[in-house]
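So in the working numbering, the last spot in the sequence shown is 896, and the numbers never skip. Beta carbons: idealized from backbone N, C-alpha and C, even for Gly. All remarks here apply to the structure that follows.
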Amino acid sequence: MMRPSSQKARAAARSLRRALGSAFSDRIEDRICYSFDATDFRFLPDAVAWPRGVPDVVELVRTAGAAGLPVVPRGAGTGYTGGSVPVEGGIVLSFERMARILAVDARNRVAVVEPGVVNDDLRNAVASLGLTYPPDPASLKVSTIGGNVAESAGGPKTVLHGTTRDYVVGLEFVLADGSIVLTGVLAAPRRGWDGAPLFTGSEGTLAIVTKVALRLTERPRSFATLWAEFPSLEQAASAVAAITAAGLPVGVLEILDGETYACAHEYVRGCRPERACEGALLIELEGTGESVADGASRVAALVSAEGARGVREASDEEEREEIWAIRRSVSPALARLGAAKINEDIAVPRSAIPAYVRTMREVSANLRLPILAFGHAGDGNLHVNIMLEKGSPAEFERARKAVGRLFEAAVSMGGALSGEHGIGITKAEHLASELSPVALDLTARVKRALDPEDTLNPGKILTTTPNPWWSLSCGERSESGGDDSEAAAC
Ligand SMILES: Cc1cc2nc3c(=O)[nH]c(=O)nc-3n(C[C@H](O)[C@H](O)[C@H](O)COP(=O)(O)OP(=O)(O)OC[C@H]3O[C@@H](n4cnc5c(N)ncnc54)[C@H](O)[C@@H]3O)c2cc1C
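Structural data, given as structure tokens:
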């Protein structure tokens, strides 16, 4: 896309200020606040808008498109692949003001929400009806349904319940030319075509989601929550493969390596665990009282046979929460280590997890970099975290090699670059290792057909621009989008 002259951009800004009033800003303070996400890469947008409804979104897309300005949709900015970072400048569309639960149809178990609704707020809103919304990214208290749909977010419950994709039954979205499309249960009269699967997981590059219809399910009544500790991570990984092969109906199957567990334990309880443990599993079954009790004893027997030294089952809700607190604290606990952290969420078939863990150990030893692992193992989704010192160019060079080898291993084992975080800007340079040339070309043709001027979230997924990590010096992640000299301020 040819980006506009500053004169054209200024004219578009004047027009949007007139049309949107306080829902539009090109003040530097606002631009800085919306220049980064959880990756902490910083690219300054030209402006920020907080649409109040679909007409605002249409106005923004049309005006920005006509001026050649990119439009970057944004939820809560918790994305781990830079999806909502405006790498080519333009206007960030933040959905804080479109955050209403529009309807809950308990009889048909469907909720209709605006994209800015926070994931956990929806779950809390339907709990009193005996219903729940299962997709539960660890960021659930902050991340939005719009962001979850755009990434098809998963979470600990994915193993039994699937990802966001499995719950989207209707969408309203705005295309790059400003036309509004309704699909699935939101389309009236309902016809055969359902566009939701194409747009779910498209990372804001094909359309802007303005309304989502989501399937709800019955709230499970009983849980059995187990914590199992192993002398090695490999044994914990083998237990995952064994539980999967046995077909046990686990709802959650999370793995943590010893160091990750120790950090999370310290974060929650103020001290490291008394007993050394190199791998741990959090396993949860859900259903009726009888079925979970039976499942729990089978799981306990199986993990013991796989070498677990300590298996503990939560005896009440308080103990269940204690176990979950460890898992939920992993991200903040690792962030406290102070090192720069490259977090990649590869996926492999569950039977390949033990082999992947061995490869990860080899990469770590060969490149002399600590690599910590945790994640939704029941879904084959491992978060591999390369820990490195800030300010060491040599470590950064080795980390780059490590990322390449970890991706290569995942793909060669029949897996994928991402289990849930998407491609964004951080994995784009590796996409050709996962997709065939035909699949890449098809993806590019779909993008061109829907967004010929590359207005929506440009510079993501199909880009040859390397991960910004590698062009920066040693963990200082500030860059500028557009050609604005004030960008240096961020
Ligand atoms: C501590 C932590 C834990 C996490 N745990 C998980 C996890 O367990 N599982 C998981 O899947 N992810 C996880 N993530 C990653 C992240 O939370 C998810 O990707 C989440 O779906 C992003 O939602 P968001 O609202 O923050 O979106 P953002 O980060 O703001 O945006 C993400 C993408 O969505 C697009 N987008 C946003 N709104 C719209 C819209 N209305 N229309 C079109 N596109 C839109 C953006 O352009 C961008 O490409 C975690 C992140 C953190 C920081």
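Using a Cβ-Cβ distance cut-off of 8 Å, the stretch 864-876 and the stretch 615-623 are not in contact, since fewer than three pairs of beta carbons, one from each stretch, lie closer than that value. The three-state secondary structure of H827, taken from DSSP, is coil. Counting the other Cβ atoms within 10 Å of the Cβ of G536 gives fewer than 16, which makes it exposed.
Exposed is the label assigned to A651, since fewer than 16 other Cβ atoms lie within 10 Å of its Cβ. According to the DSSP assignment, S710 belongs to the alpha helix (DSSP H) that extends over 695-711. Taking C-beta atoms as the reference points, L662 and Y539 fail to come closer than 8 Å. In the structure shown, the three-state DSSP call for G553 is helix. The straight-line gap separating the alpha-carbon atoms of D847 and A838 is approximately 10 Å. Between the stretch 578-587 and the stretch 481-501 there are fewer than three inter-stretch CB-CB distances shorter than 8 Å, so the stretches are not counted as touching. Secondary structure of N873 (DSSP, three-state): coil.
In the DSSP annotation of this structure, the continuous segment of the beta strand (DSSP E) that includes G657 starts and ends at 656-663. By the 16-neighbour rule on beta-carbons within 10 angstroms, N514 is exposed.
Exclusion of the five residues before and after L639 leaves D663, E684, G685, V763 as the residues of its chain whose Cβ lies within less than 6 Å of its Cβ. At least one heavy atom of ligand 1 lies closer than 7 Å to the C-beta of D443. In the same chain as N749, and ignoring 5 residues on each side of it, the C-beta atoms closer than 7 Å to its own belong to Y486, H789, N791, in chain order. In the three-state reduction of the DSSP assignment, M766 falls in the helix class.
In the DSSP assignment, R718 falls within the beta strand (DSSP E) that extends over 716-719. Shortest Cα-Cα distance from F813 to any of E803, E835, A602 involves E835. Per DSSP, H567 lies in no beta strand (DSSP E) segment; the continuous alpha helix (DSSP H) that holds it begins and ends at 564-567. Using a Cβ distance threshold of 8 Å, L659 and V565 count as a contacting pair. A residue is called buried once 16 or more other Cβ atoms fall within 10 Å of its Cβ, and S431 is buried on that count. Separation of A815 and G552 (C-alpha to C-alpha, rounded to the nearest whole angstrom) is 32 Å. Residues of the same chain with a CB within less than 6 Å of the CB of D785, apart from the 5 flanking positions on each side, are T564, V565 in chain order. The DSSP-derived three-state label of D751 is strand.
Minimum Cα-Cα distance from R734 among the listed residues H782, E768, I752 corresponds to H782. When secondary structure is reduced to three states using DSSP, W633 falls in the strand class. Look at S421 here: in three-state DSSP terms it is helix. Separation of the CB atoms of E690 and G657 is rounded to 5 Å, and the pair is thereby assigned contact status at 8 Å. Burial is judged here by how many other beta carbons sit within 10 angstroms of a residue's own beta carbon; S545 has at least 16 and is buried. Inter-residue distance for R437 and I497 is about 9 Å (C-alpha atoms, whole angstroms).
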